[in-house]
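Just so we're aligned, residue 31 is where the sequence shown starts under the numbering used here, counting upward by one. The structure under discussion appears below in the form of structure tokens.
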Amino acid sequence: MLEIFLSEPVGATAAGMASIAPTPPALMDSYAAWLAEGNAAGMNYLHNHQPIRRDPSLLLDGAKSIVSIAFNYTPPENPENLRSKLADYSLGSDYHDVVKKRLREAVEALQSHTGGEYRICVDSAPIFERLWAERCGIGRRCDNGLISVPGCGTRVFLAEVLSTVEFPAEPALRNIDGRVEAITPRMLAEYECTHCGRCRRSCPGGALQSDGTVDARRCISYLTIEHRGEWDPTGSDVMRLPAGRDSLYGCDRCQHCCPLNAGAAATTVAEFLPRPEVARLTATDILALDQPSFSCLFKGSAIKRAKLDGLRRNALNARPSQSSHPSQSSQSSQCSQCSQCSQCSQSSQCSQSSQSSHNPNT
Ligand code: SF4
Ligand code: SF4
31 MLEIFLSEPV GATAAGMASI APTPPALMDS YAAWLAEGNA AGMNYLHNHQ PIRRDPSLLL
91 DGAKSIVSIA FNYTPPENPE NLRSKLADYS LGSDYHDVVK KRLREAVEAL QSHTGGEYRI
151 CVDSAPIFER LWAERCGIGR RCDNGLISVP GCGTRVFLAE VLSTVEFPAE PALRNIDGRV
211 EAITPRMLAE YECTHCGRCR RSCPGGALQS DGTVDARRCI SYLTIEHRGE WDPTGSDVMR
271 LPAGRDSLYG CDRCQHCCPL NAGAAATTVA EFLPRPEVAR LTATDILALD QPSFSCLFKG
331 SAIKRAKLDG LRRNALNARP SQSSHPSQSS QSSQCSQCSQ CSQCSQSSQC SQSSQSSHNP
391 NT
């Protein structure tokens with residue numbers, strides 16, 4: 031059954047299955063403590079749906095099985111040695127759409143054999159996906175908080191398929207260089223976190239905690255993607271660090287430093303390959319975007335989650351001395367609309383002047 035997830039057109043890197051079961055109370059307790067300490071920052075949705083987190087079978091009437099699936103998104107070596115200021119995962123097409131579409135193919139094929147009901151979750155349900163990745167045997171959790179998949183490392187998207195069908199037991203599988211094979215305990219051990227501490231030392235704002243959880247208030251990924259509006263004093267302190275100035279969207283430091291990711295093969299999923307026009311974006315490019323050009327550039331991209339205001343805030347932080355006014359941008363021709371530019375100096379009538387209010391440093 032699992033092989034269907036690893037073959038084309040699905041193309042996952044690893045898949046494993048387990049019978050559905052409640053979340054261990056100890057994990058629910060530690061999650062509640064993590065929330066109570068404020069580590070979720072502004073992600074209020076993480077406080078919701080605790081009964082489902084406790085019992086994932088509530089997601090699908092009669093659910094009996096869960097399949098955990100990992101897709102490698104490791105970008106290929108960059109021939110020009112360009113380092114993007116955007117997170118690796120965001121450089122291609124939006125994984126929510128890509129993974130869901132591919133998993134639908136698998137589910138349709140399975141359903142035609144087994145019947146039953148299925149539900150696909152790609153960051154779309156309150157489920158402890160790393161717990162299920164471990165239970166399904168596709169990887170182990172690391173000190174950077176992520177799941178390491180044998181032969182691939184931590185740069186994977188995780189997704190789940192719930193089913194009312196009770197599948198016969200089978201070992202988790204991985205696809206390595208086009209070869210599908212069972213994931214053995216030895217493979218898992220080879221890709222187990224060594225607790226070397228590099229990820230914690232590389233984390234600019236000290237967001238990674240000793241138990242592998244993240245304090246979102248100090249995490250550049252949260253601050254540049256999920257956070258809305260200006261940063262609070264803690265967030266501003268982190269974003270004024272060189273690494274904060276260096277980020278336009280997300281952060282990969284706790285993954286780039288990790289030896290488990292060294293030499294990982296590049297993704298074979300064409301949609302995850304970096305879009306050059308996105309990978310090369312600079313702060314100046316972003317400050318020149320208006321809403322139509324933002325929507326056009328990030329159509330089908332996960333980056334639209336930050337919204338234009340969020341990206342502008344990040345870009346202004348990267349270039350605190352740069353005016354956000356489009357008339358001073360290298361791409362000011364993209365400013366479309368108001369014909370005021372020739373007459374004004376950051377006129378309040380300009381349709382883009384509000385972006386300066388997102389600079390936390392002014
Ligand atoms: S950098 Fe070291 S401690 Fe951190 S996840 Fe990787 S192996 Fe584990
Ligand atoms: S994404 Fe960056 S800021 Fe967040 S925990 Fe990892 S290294 Fe730290």
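Yeah, the Cβ is synthetic: ideal placement off N, Cα and C, and Gly gets one too.
Q. Do you know whose CA, among ALA348, PRO289, ASN108, lies nearest LEU317's CA?
A. ALA348
(Q) Considering only their Cβ atoms, is the gap separating ALA100 from VAL191 smaller than 7 Å? (A) no
Q. Any idea which residues DSSP pairs TYR457 with across the strands?
A. The question about residue 457 has no answer, for the chain in this structure spans 31 to 392.
Q: Determine the DSSP secondary structure at MET217, reduced to helix, strand or coil.
A: Here MET217 sits in helix by DSSP.
Q: Determine the DSSP secondary structure at TYR148, reduced to helix, strand or coil.
A: strand
Q) Counting pairs of Cβ atoms below 8 Å between the segment 83 to 95 and the segment 258 to 278, do you hit three or more? A) no
Q. Within the present structure, is the beta-carbon of ALA332 separated from the nearest heavy atom of ligand 2 by less than 6 Å?
A. It does not: the Cβ of ALA332 is nowhere closer than 6 Å to a heavy atom of ligand 2.
Q) On the three-state DSSP scale, how would you describe ALA212? A) Under the three-state reduction of DSSP, ALA212 is assigned to strand.
(Q) Quick check on the contact list: which residues have their beta carbon closer than 6 Å to a heavy atom of ligand 2? (A) Answer in sequence order: SER232, CYS233, PRO234, GLY235, ALA237, LEU238, VAL244, CYS249, ILE250, SER251, CYS281, ARG283, CYS284.
Q: Give a yes or no on whether the C-beta atoms belonging to PRO106 and ALA296 are separated by under 7 Å.
A: Cβ atoms of PRO106 and ALA296: closer than 7 Å.
Q) Going along the chain, which residues of its own chain have a beta-carbon closer than 6 Å to the beta-carbon of PRO234, five neighbours each way excluded? A) LEU271, ALA273
Q: On a CA-only basis, which of ILE213, ASP241, PRO215 is nearest HIS225? Give me that one, please.
A: ASP241
Q) Alpha carbon to alpha carbon, how far is ASN291 from THR264? A) 30 Å
Q. Say the cut is 6 Å; is the CB of THR104 nearer than that to a heavy atom of ligand 1?
A. no
**Q.** Contact shell at 6 Å, judged by CB to any heavy atom of ligand 1, ordered along the chain
**A.** Around ligand 1, the residues selected by a Cβ distance under 6 Å to any of its heavy atoms are CYS172, ASP173, ASN174, CYS223, THR224, HIS225, CYS226, GLY227, ARG228, CYS229, CYS287, CYS288, PRO289, LEU290, following chain order.
(Q) Just to confirm my understanding: we take LEU89, look at its own chain, exclude 5 residues before and 5 after, and list those with CB closer than 8 Å. What are they? (A) ILE82, ARG149, CYS151, ALA155, ILE157, LEU192
Q.
By DSSP's criteria, SER98 is part of a beta bridge. Which residues make up the other side?
A. GLY46, GLU190
Q | Residue environment, ARG342, which counts as buried when at least 16 other CB atoms sit within 10 Å | A | buried
Q) What residue from SER232, ALA70, TYR279 has the CA that sits closest to SER331's CA? A) TYR279
(Q) Between the alpha carbons of ALA336 and ASN344, how many angstroms are there, rounded? (A) 10 Å
Q. Could you give the residue range of the alpha helix (DSSP H) that holds ASN74?
A. Premise fails: ASN74 is in no alpha helix (DSSP H) and is neither H nor E.
Q.
Among LEU32, LEU36, MET31, whose alpha-carbon lies nearest the alpha-carbon of ARG209?
A. LEU36
Q: Starting from ASN205, follow the alpha helix (DSSP H) in both directions and report where the run begins and ends.
A: Note, ASN205: premise wrong, no alpha helix (DSSP H); beta strand (DSSP E) at 203 to 206.
Q: Could you tell me the boundaries of the alpha helix (DSSP H) in which ASN344 lies?
A: DSSP places ASN344 inside the alpha helix (DSSP H), whose first and last residues are 337 to 348.
Q: Return the Cβ separation of CYS166 and VAL97 in integer angstroms, given the expectation that the two are a contact with Cβ distance under 8 Å.
A: 7 Å
(Q) Strictly by DSSP, which residues pair up with SER266? (A) Looking at the DSSP assignment, SER266 forms no beta bridge with any residue, so it has no partner.
Q: Put VAL40 into one of helix, strand or coil per three-state DSSP.
A: coil
**Q.** Where ILE393 falls: helix, strand or coil (DSSP)
**A.** The structure shown does not extend to residue 393, since the chain is modelled only from 31 to 392, so the question has no answer here.
Q: Indicate the three-state DSSP secondary structure (helix, strand or coil) for VAL129 in the structure shown.
A: helix
Q. Measuring CA to CA, which of GLU256, ALA309, LEU133 is closest to ASN74?
A. GLU256
Q.
In whole angstroms, give me the CA-to-CA distance for ASN69 and ALA199.
A. Each residue's Cα considered, the two are about 37 Å apart.
(Q) Using C-beta distances below 7 Å, list every residue in its chain close to ASP153, excluding the 5 sequence neighbours before and after it, in chain order. (A) HIS126
Q: Identify which residue in ARG84, HIS77, TRP162, VAL40 has its Cα closest to the Cα of VAL129.
A: VAL40
Q: Might you give, ordered along the chain, the residues of its own chain that have their beta carbon closer than 7 Å to the beta carbon of TRP64, omitting 5 neighbours on each side?
A: Same-chain partners within the cutoff: THR243.
Q: Determine the direct distance from the alpha carbon of ASP118 to that of PRO304, and round the result to whole angstroms.
A: 8 Å
Q) Given ALA66, which residues of its chain have a CB within under 8 Å of its CB, disregarding the five upstream and five downstream residues? A) No residues qualify anywhere along the chain.
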